[in-house]
Every structure is written in structure tokens, then in C-alpha cells.
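Just below is one structure, and these are the notes that go with it.
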Amino acid sequence: MAAGTATAEAGDDPNAARRAQKKAHKARQRRRKNERRHDAVRAIVSRLAPPASGDAFTPLEKTRAWDGAPPIDWSTMRASCDPAKMAYDGDEASASAANAASAAVVTVRAKRKRWQVESFAVVLRELQREHERGGGGGNGGDDARRLKVVDFGAGSGNLTLPLAAAFPSMDFVAVEMKRRSADLVSQRAAAAGLSNVTVLCGMIERAEIAPFDVGVALHACGNATDHSIARCVRANAAFLVSPCCIGKLKFSIAGGSSFSANVVDYKDTALGSRPEREAGAGAAATKASEDARNDDVVVCPPVEAITHPRSRWLSTQLASENEFAALAAAADTGHAAGVPGGDAPSDDVLDIGRAAKTQVELDRAEGAREAGYVVRTLAVLNAAEAPPNKSDLIVGARRGRWRDAFERLAVAVSA
1 MAAGTATAEA
11 GDDPNAARRA
21 QKKAHKARQR
31 RRKNERRHDA
41 VRAIVSRLAP
51 PASGDAFTPL
61 EKTRAWDGAP
71 PIDWSTMRAS
81 CDPAKMAYDG
91 DEASASAANA
101 ASAAVVTVRA
111 KRKRWQVESF
121 AVVLRELQRE
131 HERGGGGGNG
141 GDDARRLKVV
151 DFGAGSGNLT
161 LPLAAAFPSM
171 DFVAVEMKRR
181 SADLVSQRAA
191 AAGLSNVTVL
201 CGMIERAEIA
211 PFDVGVALHA
221 CGNATDHSIA
231 RCVRANAAFL
241 VSPCCIGKLK
251 FSIAGGSSFS
261 ANVVDYKDTA
271 LGSRPEREAG
281 AGAAATKASE
291 DARNDDVVVC
301 PPVEAITHPR
311 SRWLSTQLAS
321 ENEFAALAAA
331 ADTGHAAGVP
341 GGDAPSDDVL
351 DIGRAAKTQV
361 ELDRAEGARE
371 AGYVVRTLAV
381 LNAAEAPPNK
391 SDLIVGARRG
401 RWRDAFERLA
411 VAVSA
């Protein structure tokens, strides 16, 4: 009875038809706006000449560095170091034997996380081999010493910890701006008995880091990837980055940081200390929490400015900063689950997104080449199973260093 009454009332509503028309009109406006944006990006991409080094992203499986087997044995990996088994709160040890059967089933998402780690491990394996042969690729001039790897934007350790477990002869430094995440890395490293992991809580661009040999960054958002590469270039270190969140480059285009249009530091309060997390907290408590978080944001001292495009190759071909912003936006929206107010993206939209993402990553690679680096643009392991905006791997080293390793990262020639 109630449902029928509600339907009758809706049918009698003289404004219902008008609201429906207005909603449909807005949807058409959004659709036309998206179409114009996609057409503009398509036009930009179509006129870009590829760099002299080429525009291919070679699958890691097709390089000589791929030995036909994964570089990590996950069956022997401690749960606190396995991204497929890490718990949100870091309490991996609480998993009981009763859950062993279900734990053996690895989800697609968990497999992707492992493949991402393995992609970095394939490259590190080559660097380690050359270092052990006395190739002199690392900094410091002592080939007998341990290689030092810095993980920029380490999060809670999804990359640092399995790599540290797989390469006990290397030392790892996890740089993470969020205190809670940094503490989780320390907690998990201790649980796994890893003595080759150090944690620094700070911004990528500001953290005080001793000389290092290799910098890695997995899904460092926006210009955090560019700051990671820049720090490696300044340190004459090799770099391995797999970028994502290209749309966040809008912040650095505006002169800001990786997460804000303003150059600010990131500090967050300890988990559980925010008033709104207390039972029954209301609007006043929420406002107090917001004020506390605002107090935690401070202006950074000057750091190296990140500008876009990163290379002369791309900057000389774009008519304005707005064109790069359009590429960056398309590189993310082309892979979204849907477009605002519309249906799932078409194959054409996905293709535009992939093409835009390629140009942004080639720009990063060319920028490093122009700074005196040898660069390989690669696709992560099982790239076809990865989200398109998380399938690229850019590897670079100062020209003249790590020669053997970079030769093996080239396409394997079939016999």
C-alpha cells in the first residue's frame, strides 16, 4: 500500500518531468565536454613525433634479464613481507593455521602486487650480479661493499620488505611521509627479522639520505615519481620507477607538491588521536580534528622545482602548459572505471588514455636521458593483466655505469 501511494505521489509531482529533463541535459553536457576533451588529446598525441630513442615499452619477459623464472620464491616469504598477505593493521602474525587453506588462494589483485615486486626484482638481480662481478656500477668505488637501495614513497612496505628479504646482501632505506605507514614498515621488518631495512619518515624531496646506489618508486603519486628520479640523478644513482596517478601532476603544474597545489610538508597525527574517531564525536569534534590537521601542514623550505614537461623533446612540441595538463588528465581518466555521469569508458577512450600515459612516461625517460642517463622503458611482468596506468617501468642509470645490466634489459634476440 505504502509503495503504491509513493508511486502515485511521484506521478502527481509536476516537477518530476522537469527534474528528469534537467538531469538528462546535464548528462549530455558532460558527455559532450568529455568528447571535446578526448578529441583535443587525440589531436595532441597525433602530432607528437616519437623520441629518437623510440617509443616502445619492452615487456620484461622479452629481455635477456628474464631468466624464465620469477626472481622471488613466494612460498618461502614471511607473511609480513608478502604484499599478498599483508594485513591492513600489520598484524599478519595473528593468522591461524585454520586459515592456511584459504590463504593459499591468491586473488588477482594479490598476484598483481607480487608481479609488481618481481618486476623490480628482475632489474635488481641484474644490478647485483654486475656489482658482484666488480662491474663498478654503484657509488663509492668499493665493489665489495653492499649496495644501498632507497624506496621513495615506500607506503607500508609492499615493495621494500619483499625486496629486502629477497636480497639480503643489499641495504634498503624506506622513505615514507606518513608516520603510521612508516611505523608499519618498521613493525613488519622486525617481525620478519630483517636487519637490512632502515625507515625514514619524511617527504621524498626533503628527506636527508646518505649516498645510495639505486632508487626505486612504486606508484609514487604525481610528481613524487619525478622527485624520486631527480634525487637519483643528483646522487648519480640508478632508478627504477613504476608511476601512477598521472592526473596528480596538476599539482606540480601549479607549482605545488605531489598531493597539494601548494608546496607543503605532510604530517599526520597518530591513528586514533583524532577527535572524530572517538565514540559519539559530533560536528565540534570533527571541526577540532580538521583544525589539528591544518596545524600539521607547514610550508617547506625551497626544494628543486619540478616543472612539466620534463624533457626538451616534449616541451618543444607542445604549444602550451595546458596541453601537457590535458595529456596528464587523460592518462588517468582513460583508465577510470567510468566517466563522470556516463557509462563505462569505450575502447576508444581507453586507447586515448594509454596513448597519453605513454607520452607522459616517455617525457620522463627523455628528461633523464637529457641529464646524461641511459634509460630503458619497459612493461612490468604480466603487463596485460595489470591496469594500463600501472603497467610501465622506467629504468635509468648514469651513462657509463651498469653497462652489462642495461645490455641485458634490452630486447632478447631470438636465435
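The UniProt record's numbering applies: residue 1 is where the sequence shown begins, and numbers increase by one. Cβ coordinates follow ideal geometry from the N, Cα and C atoms, glycine included.
Would DSSP call R180 helix, strand or coil? Three-state DSSP puts R180 in a helix.
Distance between beta carbons of I246 and A331, contact taken as under 8 Å: Beta-carbon to beta-carbon, A331 and I246 are separated by about 4 Å, close enough to satisfy the 8 Å threshold.
Can you tell me whether K85 is helix, strand or coil according to DSSP? Coil.
Would you mind reading off the limits of the alpha helix (DSSP H) that contains R403? According to the DSSP assignment, R403 belongs to the alpha helix (DSSP H) that extends over 403–408.
What's the C-alpha gap between L161 and A189? Looking at the two C-alpha atoms, the distance is approximately 7 Å.
In three-state DSSP terms, what is R399? It is coil, neither helix nor strand.
Beta strand (DSSP E) runs wholly inside the stretch 168–256, at least 3 long, in chain order: Runs of the beta strand (DSSP E) inside the stretch 168–256: 171–176, 197–201, 214–221, 238–244.
N-terminal and C-terminal residue of the alpha helix (DSSP H) that K390 is part of: According to the DSSP assignment, K390 belongs to no alpha helix (DSSP H), since it is labelled neither H nor E.
Compare the beta carbon distance of W115 and N382 with 9 Å and say whether it is the shorter of the two. In this structure, N382 lies closer than 9 Å to W115 by Cβ.
How about the stretch 225–244 and the stretch 392–402: do they share at least three Cβ pairs that are nearer than 8 Å? Using a C-beta cut-off of 8 Å, the stretch 225–244 makes contact with the stretch 392–402, since at least three inter-stretch Cβ pairs fall below that distance.
Say yes only if the C-beta of V41 is nearer than 8 Å to one or more non-hydrogen atoms of the ligand HEM, and no if none qualify. In terms of ligand content, the structure shown is empty, and the ligand HEM therefore cannot be addressed.
For L60, which option in D82, V122, R30, A49 has the closest C-alpha, if you only look at C-alpha atoms? Put simply, of D82, V122, R30, A49 the residue whose alpha carbon is nearest the alpha carbon of L60 is V122.
Closest to A319 by CA distance: which of E35, A40, K33, G135 is it? Closest by alpha carbon: A40.
Through-space distance from A16 to K178, alpha-carbon basis: Whole-angstrom Cα-Cα distance: 48 Å.
For A182, collect the residues of the same chain with a Cβ closer than 8 Å to its Cβ; drop the 5 residues on either side in sequence, then sort them by chain order. Its chain contains A154, A174, E176, V199, L200, C201 as the residues whose beta carbon lies nearer than 8 Å to that of A182, once the 5 sequence neighbours on both sides are disregarded; these appear in chain order.
How many Å lie between T58 and A410 at the Cα? As the crow flies, the alpha-carbon of T58 is around 8 Å from that of A410.
Pick out whichever of P50, H38, K22 has its Cα sitting closest to the Cα of T316. Checked all of P50, H38, K22; the closest Cα to T316 is P50.
Once the 5 residues before and after A56 are set aside, which same chain residues still bring their CB inside 8 Å of it? Within the same chain, and ignoring the five residues on either side of A56 in sequence, the residues whose Cβ sits closer than 8 Å to its Cβ are T377.
Cβ-Cβ separation, V45 to A355 (assumed contact under 8 Å), whole Å: Between V45 and A355 the Cβ distance is about 5 Å, and since that is below 8 Å, they are a contact.
Beta-carbon proximity check, V117 vs D213, cutoff 9 Å: Taking 9 Å as the Cβ cut-off, V117 and D213 do not qualify as a contacting pair.
Helix, strand or coil at L378 according to DSSP, with G and I counted as helix: Note: L378 maps to strand in three-state DSSP.
What first and last residue would you give for the beta strand (DSSP E) that runs through D151? First-last of the beta strand (DSSP E) with D151: 148–152.
According to DSSP, P59 sits in a beta bridge with which residue or residues? According to DSSP, P59 bridges with A379.
Using the C-alpha atoms, what's the distance from N223 back to K250? Using only the alpha carbons, I get a separation of about 9 Å.
Mapping the DSSP letters down to three states, classify E361 as helix, strand or coil. Residue state, collapsed to three classes: helix.
In terms of residues, what are the limits of the alpha helix (DSSP H) holding T76? Unbroken run through T76: none, as it is neither H nor E.
Distance between A371 and I352 (C-alpha atoms, nearest Å): I352 and A371 have their C-alpha atoms roughly 29 Å apart.
Can you tell me whether K33 is buried or exposed? The criterion is at least 16 other CB atoms within 10 Å of its CB, across all chains shown. With fewer than 16 other Cβ atoms within 10 Å, it is exposed.
Ordered along the chain, which non-local residues of its own chain (more than five positions away) have a Cβ less than 8 Å from that of K62? Only V411, A412 meet the Cβ criterion.
Following the continuous alpha helix (DSSP H) through N34, name the residue where it begins and the one where it ends. Per DSSP, the unbroken alpha helix (DSSP H) holding N34 starts and ends at 16–47.
Pull up the distance between the alpha-carbon of H131 and that of C221, whole angstroms please. C-alpha separation (whole angstroms): 30 Å.
Over the uninterrupted alpha helix (DSSP H) stretch that includes T160, give me the two end residues. Start and end: 160–166.
Can you tell me whether DSSP reads residue 482 as helix, strand or coil? Residue 482 lies beyond the range of the chain shown here (1 to 415); nothing can be said about it.
Among T225, P211, P14, which one has its Cα closest to the Cα of A217? Of T225, P211, P14, the residue nearest in Cα terms is T225.
Out of R64, M203, A230, which one is the CA nearest neighbour of E407? Check the Cα spacing between E407 and each of R64, M203, A230: the tightest is with R64.
Closest to E361 by C-alpha separation, out of K111, S242, I306, would be which residue? Residue S242 holds the alpha-carbon nearest to the alpha-carbon of E361 among K111, S242, I306.
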